[in-house]
Amino acid sequence: MPSANVCGSVRSTPSGYSEVATSTFLGRSAPPSRSSDHGSAAFLGMLPPMRMGLFLPDVSPIATPEFLSAYGEAAENAGFSSLWVGEHVVFLDEYASKYPYSDDGRLGLPPDSGLLEPFATLSFLAAATSTIRLGTAVCLVPQRNPVYTAKSVSTLDWLSGGRLDFGVGIGWLREEFEVLHEPFEQRAARTREYLEVMRALWRDDESSYDGDLYKLPPSRMFPKPVQEGGPPIYFGGETDPALRRVAECGDGWHGFNHLPESAASHVARLEAMLTDAGRKLADIDVTVCPYLQPVEPSHLSAYRDAGVDQVVLTGFAFDPDNARRVLGELGDAYVGAASAL
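Note that the numbering used here gives residue 1190 to position 212 of the sequence shown, counting from 1, and the numbers run on in steps of one.
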């Protein structure tokens, strides 16, 4: 049996997966879309239908309790597979950091707008829904205490009945790190160690960790997540180091701001890195959010050909009635088209 890599410990192998691939899954079983649960389809090399998700506008002052309830219910009724929320604790009037997903490097939000806290928001949505998966896109792991984050994640997975997808990133806004008194330069290394701490807390009855950047004395955390070993971990980011994190220790990639051609290029790079890590593309789940890119239902087949398992639309809506109408229309146009692929 192979030894553990830097990101994951070896565990028993689920049916249909190699020991090497499973050892890198951060202590949990295979991601949902390509798992052995699909039985004969997976055996024959057939992929399950493409899934459609929504990136929720969890922004004040739009995201009222009434809006969130209506949005979650409408998304579930329209057949979407997942809801995703982002994370920023504060925004600043002046910042030198460049936002990687806009031409001018600026976020473009009004000064009186801000994001809701992701785990509180998803817990609210968990109570308003029953089947749709709930994801962070992304949780800024190195800005948070890992033990508190592990507790938030396990509690949300417990309360939602095992519906959490844990999207993580290392962050880009240096000034936000400074507000939180966290070192910006060490964010990649701390993300690795913090995830290992979380995995230990989710997995072991008594957990401990002795890293370069974090020490955890023997500790107990309950309840454990409903999903064995913790929820699937999706890494965000488009750079080579970000894709390498997916290849070495991710359950999935959550790409952002991609049309099909760009998605295909990134998936090809990711697949080569997976091969180097002793894994294959079928071992992970590939989720892509086009963000502000114009995407039509006819584009979904190109995403599928690029190796994408789930496309997450930016579902703009501005009040409860508008959310019901807009998501119903998006579901009619996109969910049926995706399920046929």
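Glycine included, C-beta positions come from ideal geometry on N, C-alpha and C.
Quick caveat, the model's predicted, so the values are computed rather than measured.
In this structure, DSSP gives L1308 a helical state, which the three-state scheme calls helix. Look at the segment 1131-1213 and you find these whole runs of alpha helix (DSSP H), each 4 residues long or longer: 1152-1157, 1165-1181. When the five nearest sequence neighbours on each side are left out, the beta carbons in the same chain lying within less than 7 angstroms of the beta carbon of P1120 are those of I1148, G1149, E1160, R1165, R1168, T1169, Y1172, in order along the chain.
Distance from the CA atom of V1266 to the CA atom of A1241, rounded to whole angstroms, is 7 angstroms. Residue P1298 holds the alpha-carbon nearest to the alpha-carbon of D1036 among L1308, A1316, P1298, A1311. Within the segment 1243-1301, the complete alpha helix (DSSP H) segments of 4 residues or longer fall at 1278-1283, listed in chain order. CA-CA distance, S1279 to A1316, rounds to 8 angstroms. For F1234, the uninterrupted beta strand (DSSP E) segment begins and ends at 1230-1234. Counting C-beta pairs with one atom in each stretch, the segment 1042-1051 and the segment 1092-1110 have three or more that are closer than 8 angstroms, which means they touch. Between the segment 1061-1080 and the segment 1189-1198, the count of Cβ pairs shorter than 8 angstroms is below three; the stretches do not touch. Exposure of Y1126 is indicated by the presence of fewer than 16 other C-beta atoms within 10 angstroms of its C-beta. Pairing H1232 with G1214 gives a Cβ-Cβ distance under 7 angstroms. Between the segment 1243-1252 and the segment 1195-1210, the count of Cβ pairs shorter than 8 angstroms is below three; the stretches do not touch. Spatial neighbours of G1140 in its own chain (CB-CB distance under 6 angstroms, excluding positions within 5 residues in sequence) are listed in chain order as V1204, Q1205. Contact between the segment 1277-1297 and the segment 1055-1064 is established, with three or more Cβ pairs separated by less than 8 angstroms. In this structure, G1092 places its C-beta atom within 7 angstroms of the C-beta atom of S1038.
Out of P1238, E1154, K1258, the CA that lies nearest to the CA of S1276 is found in P1238. G1314 and V1304 have their C-alpha atoms roughly 16 angstroms apart. Rounded to whole angstroms, the Cβ separation of F1144 and T1114 is 6 angstroms, and the two are in contact under 8 angstroms. Excluding the 5 residues flanking it on each side, Y1312 has same chain C-beta neighbours closer than 6 angstroms at M1030, P1275, in chain order. Pairing L1118 with E1065 gives a Cβ-Cβ distance under 7 angstroms. Here L1221 carries a helix assignment [DSSP, helix/strand/coil].
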